[in-house]
Amino acid sequence: MAETTEKPFTLSVPDADIELLHKKLELARFPDELEGAGWDYGAPLADIKRLVAHWKQGFDWRKAEAEINKLPMFTRDIEVEGHGKLNIHYVHQKSEVKDAIPLLFVHGWPGDFLEVRKLLPLLTAKSSDNPSFHVVAISLPGFGFSEAPKKPGFAGRQYAEVLNNLMLSLGYNEYVYQGGDWGHIVGMHTVHHFGHKHIKAWHSNMPLSSRRPTLLTHPLILINTVFATTFDKSAREGIAKTLKFVQKGRGYFMEQATKPQTLGYSLEDSPVGLLAWIYEKLVGWTDSYPWTDDEVLEWISIYWFSRSGPAAAGRIYYEMTRGNSSEIFAGAQWSSVPLGVSYFPGELGRMPKSWSHLLGKLVFESEHDKGGHFAAFEQPEKLAGDLRKMYGKGGPAHGVVPGKNGYD
Amino acid sequence: MGSWAKPFTVAVPDADLELLHKKLELATFPDELQDAGWDYGAPLADIKRLTAYWKDSFDWRKAEKAINELPQFTTDIEVDGFGSLNIHFVHQKSKVENAIPLLFVHGWPGQFLEVRKLLPILTAGSPDHPSFHVVAPSLPGFGFSEAPNKPGFGGFQYAEVVNKLMLSLGYDEYAYQGGDMGHIVGVYATNAYGNRHIKAWHTNMPLYRAPTLFSNPLLFLEMLTTPFNKRMQEQLAPAQRFQTKGRGYFLLQSTKPQTLGYSLADSPVGLLAWIYEKLYESVDNYPFTEDEVLEWISIHWFSRAGPAASPRMYYGLTSGNERELFDGTRWTSTPLGVAFFPGEPARLPKSWVHTIGKVVFQSEHDAGGHFAAFEQPAKLAGDLRKMFGKGGPVYGIVPGKDGYA
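Line by line, the protein sequences give chains A and B.
When we follow my numbering, the leftmost residue of the first sequence carries the number 31, and every step to the right adds one.
When we follow my numbering, the leftmost residue of the second sequence carries the number 709, and every step to the right adds one.
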């Protein structure tokens, strides 16, 4: 057995970094704002000013850091073909249930590993009524406290490798997967490459893809779609929301998919700029989540103090679209690995539910009346509940990992 | 009408210069992927070099002094529904009394100084070519002009400002030149004031809508042949590249300019990279010096409304990406001159140029890009001289002001 490079990880931002942040905040220069702009032009000035003031005087990073360090965190080297070794940061919380189901949780952008935090006690809890999970929550390369790739070309296959190799290195030869945002997208790729052999089932809270039904390929789904969009108000609203996102909400995507370096200079140099860039999404993409200033600033701080710096994370958009010249799901074919999806009303867009069958072998669906894009953070009980139903006794994916059905 | 114009001197407060330098001292940089080149945006080495120069060598006061050699003014212009905006402009008259009044309008990320190299050429008097009185405003939200303070400032509002500026200077009839947003404002301005006030206009960024089956059936059919037509492919290639690779800033500024604006207002390095990327990509191998780049960026950094204001123009012109740039405008019969510069990325195929307006003059150059007035002032001025001069297609079009002594 090869010697493990796993080390326990303690987050410890150097004092000098905190001082520099505060020096920059002291020099903050704000734009003005159009009268009555509200959220129409982006994050409102009053919000950003208030958050900056709290960041300067009030937000206690060391306290937040100490709380984060209560999570069982580690780093280890993961080899990715063509990219050498990347030192990867992750949370690894085991359940006391020996045969708990190994679950890999993957965040997106502008998310981070801490999105798993509220899920951990729910998923690892021992109970005769619910299955338990051993949870691994990775910081994707370039995010949080993982190293970033050093050269171009780190895309679907590479993310799949780093995720799968991490689970294998932890002794989880067979496991299940949960993700939203990029976690969903790289999930499609990871299931494509390692489904069945390693990934026995997976779940997404952002069931989207660029696939669409055609008369030749999916006649039933197409017919269903016509009915849904004609008679189903909720389906029509979902599509309208998707179109609105495409029209109004994709500027960040286009910029990060084409010029992440240019944008990166701002995000790296200005904490105010980084705050606004991410805060706009935290509010815009959640379902009336009652953010506290401390929650927002802790979230932004993970990006500000990240190992590779805040500019690195946005490169995932460029790599996964090859500079906006190919689409993000290219190369990930439909897989018969069992798939569960959860529909949250505040998600960025919604296609007709029948389209979820285009993503994989749909065995579980659940619809909620509350919650948005950051489902694990906003509605941990609902999301954990979905996983429990999907994998629990009598559920469609029960026992899918041999010998680890989640019960003692 | 506006009040009398007041002379204007650029005088950035010492405190603003000190703040800039304090920020530059604390500048932090991202890393970069190996061999990224320009693929991911402005290269790290360039931005580090320019930042170091800005911090240690660039002399703003020297640049400011040179700028103040230009005859600059401000005047209040009333805009329907938006109150009064104080507008900054250069106004250089020719010694030739009957010189042609010419309005020069910059774009984004341009600024009023783009007119600088044109001034001595256009205002020079000679029996061999016409002269011009040149007016070059800072558009609202740019340079030293005020910005609109409420939503809804669109194409017709920008046109209203520049037209009223000319009227306030006593130029009831005049000529117009613009590229980038200056061209787009020109479309709106000729729609609203063409023939009545704007007697002729010239563009170095010939852009308009794509032909439709109903608007231009022959051109539409030609467009359909593109998959088989190498010439069409070549002519449409720059537009295609822009669609795929170059539209990030456009979409972002059209939808979330405020979010972006926090970065541009707070980080000189961020602003530098945001604009420098455009300068580098849009010119035709123009050998920018550090001083030229930093003077350009400084106009944005020290602008009256701050660097977050000018990107809002994209939102205003597209109503937050809910309408196309040219919606609400149509072809006009105001005589139009078009210059094709090889490095201009945003251009229609030549066969479509008559869809913009009544083209009476065309020129094609072998050098020069998007910032034509800055890169190739002699060529651009030469085009205006040919277009408006004796024997040219719009000679004498401004009554009583043919440009000759």
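Idealized CB from N, CA, C, for every residue including glycine.
Given the structure is predicted, the values throughout are model-derived calculations rather than measurements.
Query raised in the report: In three-state terms, what does DSSP make of Gly1077(B)?
Result: Strand, per DSSP.
Requested in this report: Using the DSSP secondary-structure output, state which residues sit across from Arg106(A) in a beta bridge.
Outcome: In DSSP, Arg106(A) forms a bridge with Ile118(A).
Query raised in the report: Got a sec: is the Cβ-Cβ distance from Pro1114(B) to anything in chain A below 8 Å?
Result: With chain B covering only 709 through 1113, there is no way to say anything about residue 1114(B).
**Report entry** Distance between Asp784(B) and Gly710(B) (C-alpha atoms, nearest Å)
**Finding:** Per-residue confidence for Gly710(B) stands at a pLDDT of 47, beneath the threshold of 50, marking its modelled position as unreliable; no derived number is given.
Query raised in the report: So what does DSSP say about Glu191(A), is it helix, strand or coil?
Result: Under the three-state reduction of DSSP, Glu191(A) is assigned to helix.
**Report entry** Three-way DSSP call (helix, strand, coil) for Trp69(A) in this model
**Finding:** In the three-state reduction of the DSSP assignment, Trp69(A) falls in the coil class, being assigned neither a helical nor a strand state.
Query - Beta-carbon spacing of Trp909(B), Thr920(B) below 8 Å - result: No, Cβ-Cβ distance for Trp909(B) and Thr920(B) is not below 8 Å.
Requested in this report: Please state if the CB of Phe812(B) and the CB of Val804(B) are separated by a distance shorter than 8 Å.
Outcome: No, the pair does not count as a contact, with Cβ atoms beyond the cut-off.
**Report entry** Assigned secondary structure, Gly902(B) (DSSP; H/G/I helix, E/B strand, else coil)
**Finding:** The answer is strand: DSSP assigns Gly902(B) an E or B state.
Requested in this report: Report buried or exposed for Phe950(B), applying the criterion of at least 16 other Cβ atoms within 10 angstroms of its Cβ.
Outcome: Exposed, since its Cβ has fewer than 16 Cβ neighbours within 10 Å.
Report task. Would you check if the distance between the CB atom of Val43(A) and the CB atom of Leu305(A) is smaller than 8 Å? Result -> No; because the gap between Cβ atoms is not below 8 Å, this pair is not in contact.
Query raised in the report: Across which residues does DSSP place Ile215(A) in a beta bridge pair?
Result: The partner list for Ile215(A) (beta bridge, DSSP) is empty, contrary to what the question assumes.
Query raised in the report: For Ala719(B), which three-state DSSP category applies?
Result: Residue state, collapsed to three classes: coil.
Query raised in the report: Considering only residues of the same chain and omitting the five flanking positions on each side of Pro1050(B), which have a CB-CB separation below 8 Å?
Result: These residues qualify, in order along the chain: Asp992, His1073, Asp1074, Ala1075, Gly1076 and Gly1077.
Query raised in the report: Mapping DSSP to helix, strand and coil, what is Val843(B)?
Result: In the structure shown, Val843(B) sits in a strand (DSSP, three-state: E or B).
Query - Closest residue to Val430(A) among Lys274(A), Leu378(A) and Val206(A) (Cα-Cα distance) - result: Nearest to Val430(A) by alpha-carbon distance, out of Lys274(A), Leu378(A) and Val206(A), is Val206(A).
Report task. Verify whether the separation of the beta carbon atoms of Trp232(A) and Leu170(A) is less than 8 Å. Result -> Taking C-beta atoms as the reference points, Trp232(A) and Leu170(A) fail to come closer than 8 Å.
Requested in this report: Could you spell out where the alpha helix (DSSP H) holding Tyr202(A) opens and where it closes?
Outcome: Where Tyr202(A) is concerned, there is no enclosing alpha helix (DSSP H), given that its DSSP letter is neither H nor E.
Query raised in the report: Roughly how many angstroms lie between the CA atoms of Pro1043(B) and His796(B), to the nearest whole one?
Result: Here the alpha carbons of His796(B) and Pro1043(B) stand approximately 28 Å from one another.
Report task. Please name the residue in Thr351(A), Gly379(A), Val276(A) and Leu389(A) whose C-alpha comes closest to that of Pro368(A). Result -> When only C-alpha atoms are compared, the closest one is Leu389(A).
Query - Spatial distance of Glu1003(B) from Phe852(B) (CA atoms) - result: It is roughly 14 Å from the alpha-carbon of Glu1003(B) to the alpha-carbon of Phe852(B).
Query - For Phe135(A): DSSP bridge partner residues - result: Assignment of beta-bridge partners to Phe135(A) by DSSP yields Ala167(A) and Gln208(A).
Query raised in the report: For Gln943(B) versus Pro1053(B), is the C-beta spacing smaller than 8 Å?
Result: Not closer than 8 Å, so no.
Query raised in the report: If we call anything under 8 Å between Cβ atoms a contact, is Asp739(B) one with Gly339(A)?
Result: Yes, the Cβ-Cβ distance between Asp739(B) and Gly339(A) is below 8 Å.
Query raised in the report: If you run the structure through DSSP and keep just helix, strand and coil, what is Lys128(A)?
Result: In this structure, DSSP gives Lys128(A) a state outside helix and strand, which the three-state scheme calls coil.
Requested in this report: To the nearest angstrom, report how far apart Thr259(A) and Ile251(A) are at their CA atoms.
Outcome: If I take the Cα positions, the gap works out to 12 Å.
Query raised in the report: Taking the alpha helix (DSSP H) that Phe861(B) falls in, what are its first and last residues?
Result: That residue, Phe861(B), is in no alpha helix (DSSP H); it is neither H nor E in DSSP.
Query - Spatial distance of Ile269(A) from Tyr957(B) (CA atoms) - result: Computed Cα separation, rounded: 26 Å.
**Report entry** Endpoints, the alpha helix (DSSP H) within which Lys803(B) is located
**Finding:** In the DSSP assignment, Lys803(B) falls outside any alpha helix (DSSP H) and carries neither an H nor an E.
Query raised in the report: From what residue to what residue does the alpha helix (DSSP H) around Gly183(A) run?
Result: No alpha helix (DSSP H) contains Gly183(A), which DSSP labels as neither H nor E.
Requested in this report: Compare the C-beta of Ser240(A) with all C-beta atoms of chain B and state if any pair is closer than 8 Å.
Outcome: So, not an interface residue.
**Report entry** Cβ neighbour criterion (16 or more within 10 Å) applied to Ala46(A)
**Finding:** Around the Cβ of Ala46(A), a 10 Å sphere holds fewer than 16 other Cβ atoms; the residue is exposed.
Query raised in the report: Do you know offhand how far Trp85(A)'s Cα is from Phe143(A)'s?
Result: Distance between the alpha carbons of Trp85(A) and Phe143(A) is about 22 Å.
Report task. Would you verify that the beta carbon of Tyr1112(B) is, or is not, closer than 8 Å to some beta carbon of chain A? Result -> No, its Cβ sits nowhere closer than 8 Å to a Cβ of chain A.
Query raised in the report: Is Trp85(A) close to chain B, meaning its C-beta is less than 8 Å from at least one C-beta of that chain?
Result: Taking 8 Å as the threshold, the shortest C-beta distance from Trp85(A) to chain B does not fall below it.
Query raised in the report: Distance, Cα to Cα, Ile332(A) vs Leu929(B)?
Result: Roughly 54 Å separates the two Cα atoms.
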